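**Q** Okay, handing you the structure first.
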Amino acid sequence: VKIAAEVKDFDPSLWIDRKEARKMARFTQFVAVAAAQAIADSGFDKETIAKVKSGITIGNGIGGFEVIEASMKKYFEAGPDRIPPLSIPLLISNEGAGNISMLYGITGASWTLATACASSTDSLGLALDQIRSGRLDVCVAGGTEAAVTGFGIGGFTVLQALAANFNDDPQRASRPFDRDRSGFIMGEGAGILILEELEHAKARGAKIYAEFAGYGASSDAYHITSPSPDGAGGALAITRALEDAGVRPEDVQYYNAHGTSTPVNDPAETLMIKKAFGDHAYKMKISSTKGMTGHCVGAAGAVEAIICIKAINDGYYPPTINLENPDLEHGCDLDYVPNVGIEAELDCAASGSLGFGGHNGVLVMRKYKA
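The numbering used here puts the sequence shown at residues 467 to 836.
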């Protein structure tokens with residue numbers, strides 16, 4: 467595999483202090499910059515966000531792969547005494563949340579969730595629960611990943627998870643629900659949202675993009691990498707999210723699927739959607755946006771939640787690109803918005819994430835109506 471969906475020309479110093487950035491692994495730089503952008507967009511700044519009842523929830527699946535590789539190279543070439551002193555604090559997954567806390571003086575609780583590809587979906591669900599409980603009024607929530615490294619690409623390649631037959635045509639490589647799919651394209655990046663209790667947001671005149679309405683989670687209890695082929699675990703997460711949001715299956719107009727473009731995921735996820743939504747599965751719009759972003763692993767759920775919120779605000783159903791021949795033989799027969807997006811009113815969207823180890827997380831978002 468020779469292709470990936472990389473963040474090109476990334477300069478963290480445009481948003482955070484250059485000296486601080488040098489003390490961060492790439493995945494931490496990503497999330498620190500995303501947090502800076504989200505906090506600025508929210509109308510908070512370093513002083514004001516530290517004074518409210520704020521916290522942090524960040525999802526990350528892997529940590530600092532490039533730090534691990536460089537440190538192990540030093541270890542094998544020169545011995546343990548030559549390992550860079552900051553290797554451990556740079557590579558561990560919680561450094562994303564920790565650095566956001568230090569950059570903004572946020573002294574409320576901060577968590578890092580590691581549920582593989584469901585990590586940032588679960589981090590947003592935790593943020594929702596914390597705000598509902600009254601423990602937080604504001605939460606910096608999302609996820610980050612930077613696994614485009616030799617070990618990252620190699621490790622997923624030997625798992626037969628990556629698309630290996632489109633090296634000369636990378637734009638066509640990720641093809642969710644298509645019969646010619648062979649795997650995903652490794653992506654990287656971060657997504658951060660500012661979740662805030664409604665009255666708190668209204669009192670300060672915040673711009674409200676959407677309502678975070680519900681969250682559901684479940685476990686497959688089936689396999690370390692493959693989703694349950696009967697779709698039962700994922701369907702349970704959807705049902706729980708809908709119940710938590712107080713919406714009926716037929717209220718959901720758009721579902722952003724995990725849609726990894728792997729042979730095993732897409733049929734299992736299609737069955738999961740059918741089980742949860744019943745006949746409505748054939749009436750709603752479904753798409754996987756990973757064909758355009760790559761699979762951002764621990765950041766995927768947050769990136770896709772942002773896509774859902776943008777879709778609600780813009781009245782646009784994003785497409786599943788490269789869907790030329792739906793895999794009808796394996797049951798992929800729903801409306802996946804093939805190749806071209808649709809401009810239409812959108813009031814309620816859901817997004818699902820499925821992680822290695824059988825982790826399932828689903829979010830429900832609605833148009834905010836003052």
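From the three backbone atoms N, C-alpha and C, an ideal C-beta is built for every residue, glycine too. Since the structure is predicted, the reported quantities are computational estimates derived from the model, not experimental observations.
1. Quick check on the DSSP output: the alpha helix (DSSP H) that includes Ala701 runs from which residue to which?
2. Establish whether the CB of Ile775 and some CB of chain B are separated by less than 8 Å.
3. So, at 8 Å on beta carbons, what are the nonlocal neighbours of Asn791 in its own chain, with the 5 sequence-adjacent residues on each side left out?
4. Please list the terminal residues of the continuous beta strand (DSSP E) segment that includes Lys749.
5. Where Leu659 and Glu543 are concerned, what is the direct C-alpha to C-alpha distance, given to the nearest angstrom?
6. What do you reckon, are the CB atoms on Ser817 and Gly767 nearer than 8 Å?
7. Look at the alpha carbon of Leu569 and the alpha carbon of Ala703, and state the distance between them as a whole number of angstroms.
8. Would you report the Cα separation of Ala701 and Cys774, rounded to the nearest angstrom?
9. Straight-line CA distance for Pro551 to Ile778?
10. Restricting to Cα atoms, I'd like to know which of Ala815, Gly827, His796 is closest to Asp696.
11. First and last residue of the beta strand (DSSP E) that includes Ser817?
12. Using 10 angstroms around the beta-carbon of Ala687, count the other beta-carbons present and answer buried if the total reaches 16, otherwise exposed.
13. Counting pairs of Cβ atoms below 8 Å between the stretch 504 to 511 and the stretch 658 to 676, do you hit three or more?
14. Am I right that His761 and Ile651 are in contact with their C-beta atoms under 8 Å? What's the rounded C-beta distance?
15. In whole angstroms, what is the alpha-carbon distance linking Lys740 and Gly764?
16. What residue ranges within the stretch 637 to 686 form continuous alpha helix (DSSP H) runs of no fewer than 4 residues, ordered along the chain?
17. What residue range is occupied by the uninterrupted beta strand (DSSP E) comprising Thr578?
18. By Cβ distance, which residues of its chain are closer than 6 Å to Met738, with the 5 residues on each side in sequence left out?
19. Closest to Ile450 by C-alpha separation, out of Ile554, Ala667, Ala516, Asp588, would be which residue?
20. Is it a yes or a no for the stretch 798 to 810 touching the stretch 745 to 758, going by three-plus beta-carbon pairs under 8 Å?
21. Distance check for Val828 and Leu789, CA to CA, integer angstroms please.
22. Have a look at Trp577 and Ile549 and give me their C-alpha separation to the nearest angstrom.
23. Starting from Glu532, follow the alpha helix (DSSP H) in both directions and report where the run begins and ends.
24. Give me the Cβ distance between His831 and Phe678, rounded to the nearest whole Å; I'm assuming they're in contact under 8 Å.
25. Within this structure, are the beta carbons of Ile787 and Gly757 separated by less than 8 Å?
26. Could you give the distance in angstroms between the alpha-carbon of Thr523 and the alpha-carbon of Glu735?
27. What is the rounded straight-line gap between the Cα of Phe822 and the Cα of Ile528?
28. Whole angstroms is fine: what's the gap from Lys512's alpha carbon to Thr705's?
29. Using 8 Å as the threshold, is the C-beta distance between Gly655 and Val533 below it?
30. State the start and end residues of the unbroken alpha helix (DSSP H) segment that holds Thr691.
31. Name the DSSP beta bridge partners of Thr786, please?
32. Would you tell me roughly how many angstroms separate the C-alpha atoms of Ser537 and Ala582, rounded to the nearest one?
33. Per DSSP, His825 is paired with what?
34. Along the chain, where does the alpha helix (DSSP H) that runs through Asn779 open and close?
**A** Reading from the atomic positions:
1. Locating residue 701 in the sequence shown gives position 235, where the first residue counts as 1. Where Ala701 is concerned, the enclosing alpha helix (DSSP H) stretches over 698 to 711.
2. Checking the listed chains, one finds no chain B in this structure; it contains a single protein chain.
3. Within the sequence shown, residue 791 is the residue found at index 325, counting from 1. Sequence-distant partners of Asn791 (beyond 5 residues in either direction) whose C-beta falls short of 8 Å from its own C-beta, in its chain, are Asp644, Arg645, Asp646.
4. Indexing the sequence shown from 1 puts residue 749 at position 283. That residue, Lys749, is in no beta strand (DSSP E); it is neither H nor E in DSSP.
5. Counted from its first residue, the sequence shown places residue 659 at position 193. Counted from its first residue, the sequence shown places residue 543 at position 77. So the alpha carbons of these two residues sit roughly 42 Å apart.
6. In the sequence shown, counting from the first residue as 1, residue 817 sits at position 351. In the sequence shown, counting from the first residue as 1, residue 767 sits at position 301. Their beta carbons are under 8 Å apart, which means Ser817 touches Gly767 by this criterion.
7. For the purposes of this step, residue 569 is taken as the residue at position 103 of the sequence shown. For the purposes of this step, residue 703 is taken as the residue at position 237 of the sequence shown. Those two C-alpha atoms are separated by around 34 Å.
8. By one-based count along the sequence shown, residue 701 stands at place 235. By one-based count along the sequence shown, residue 774 stands at place 308. Rounded to whole angstroms, Ala701 to Cys774 spans 19 Å at the Cα level.
9. Along the sequence shown, one-based indexing puts residue 551 at 85. Along the sequence shown, one-based indexing puts residue 778 at 312. Pro551 and Ile778 have their C-alpha atoms some 46 Å from each other.
10. Indexing the sequence shown from 1 puts residue 696 at position 230. Answer by Cα proximity: His796.
11. For the purposes of this step, residue 817 is taken as residue 351 along the sequence shown, with counting starting at 1. Element bounds for Ser817: 814 to 821.
12. Indexing the sequence shown from 1 puts residue 687 at position 221. The residue in question, Ala687, is exposed, as its Cβ has fewer than 16 Cβ neighbours within 10 Å.
13. The answer is yes - the stretch 658 to 676 touches the stretch 504 to 511, with three or more Cβ pairs under 8 Å.
14. For the purposes of this step, residue 761 is taken as residue 295 along the sequence shown, with counting starting at 1. For the purposes of this step, residue 651 is taken as residue 185 along the sequence shown, with counting starting at 1. With 8 Å as the limit, His761 and Ile651 qualify as a contact, their Cβ atoms being about 7 Å apart.
15. Here residue 740 is taken as the residue at index 274 of the sequence shown, counted from 1. Here residue 764 is taken as the residue at index 298 of the sequence shown, counted from 1. Their backbone Cα atoms lie some 25 Å apart in a straight line.
16. The alpha helix (DSSP H) runs of length 4 or more contained entirely in the stretch 637 to 686 are, from start to end of the chain, 664 to 669.
17. Residue mapping note: residue 578 aligns to position 112 of the sequence shown, counting from 1. Here the beta strand (DSSP E) through Thr578 covers 576 to 579.
18. As a position in the sequence shown, residue 738 is number 272, starting the count at 1. Excluding sequence positions up to five before and after Met738, its CB lies within less than 6 Å of the CB of Gly697, Gly700, Ala701, all in the same chain and listed in chain order.
19. Only positions 467 to 836 of the chain appear in the structure, and residue 450 is not among them; the question remains open.
20. Flag = yes, the stretch 798 to 810 and the stretch 745 to 758 touch.
21. Sequence index remark: in the sequence shown, residue 789 carries index 323 (1-based). Sequence index remark: in the sequence shown, residue 828 carries index 362 (1-based). Going from the Cα of Leu789 to the Cα of Val828 covers about 24 Å.
22. Reading the sequence shown from its first residue, position 111 is the one you call residue 577. Reading the sequence shown from its first residue, position 83 is the one you call residue 549. About 28 Å.
23. Here residue 532 refers to the residue found at position 66 when the sequence shown is read from its first residue. Per DSSP, the unbroken alpha helix (DSSP H) holding Glu532 starts and ends at 531 to 544.
24. If you number the sequence shown from 1, residue 831 lands on position 365. If you number the sequence shown from 1, residue 678 lands on position 212. The sequence given here has Met at residue 831, not His. Rounded, the Cβ-Cβ distance is 6 Å, consistent with contact.
25. Locating residue 787 in the sequence shown gives position 321, counting from the first residue. Locating residue 757 in the sequence shown gives position 291, counting from the first residue. With a cutoff of 8 Å on beta-carbon distance, Ile787 and Gly757 are scored as near each other.
26. One-based indexing of the sequence shown puts residue 523 at position 57. One-based indexing of the sequence shown puts residue 735 at position 269. Pairing Thr523 with Glu735, the inter-Cα distance amounts to about 26 Å.
27. The count along the sequence shown starts at 1 and reaches residue 822 at position 356. The count along the sequence shown starts at 1 and reaches residue 528 at position 62. Phe822 and Ile528 have their C-alpha atoms some 12 Å from each other.
28. Counting from one through the sequence shown, the residue named residue 512 turns up at place 46. Counting from one through the sequence shown, the residue named residue 705 turns up at place 239. Rounded to the nearest angstrom, the two C-alpha atoms are 38 Å apart.
29. Indexing the sequence shown from 1 puts residue 655 at position 189. Indexing the sequence shown from 1 puts residue 533 at position 67. No. Outside cutoff.
30. Residue numbering aside, residue 691 sits at position 225 when the sequence shown is read from its first letter. It is not in any alpha helix (DSSP H) - Thr691 carries neither H nor E in the DSSP assignment.
31. One-based indexing of the sequence shown puts residue 786 at position 320. According to DSSP, which records beta bridges pairwise, Thr786 is partnered with Pro804.
32. On the sequence shown, position 71 is the one that residue 537 refers to. On the sequence shown, position 116 is the one that residue 582 refers to. Ser537 and Ala582 have their C-alpha atoms spaced approximately 23 Å apart.
33. What you label residue 825 is simply residue 359 of the sequence shown in a count that begins at 1. His825 is bridged to Ser685, Gly821.
34. Position 313 of the sequence shown, counted from the start, is the residue given in the question as residue 779. 766 to 780 is the span of the alpha helix (DSSP H), which, as asked, contains Asn779.
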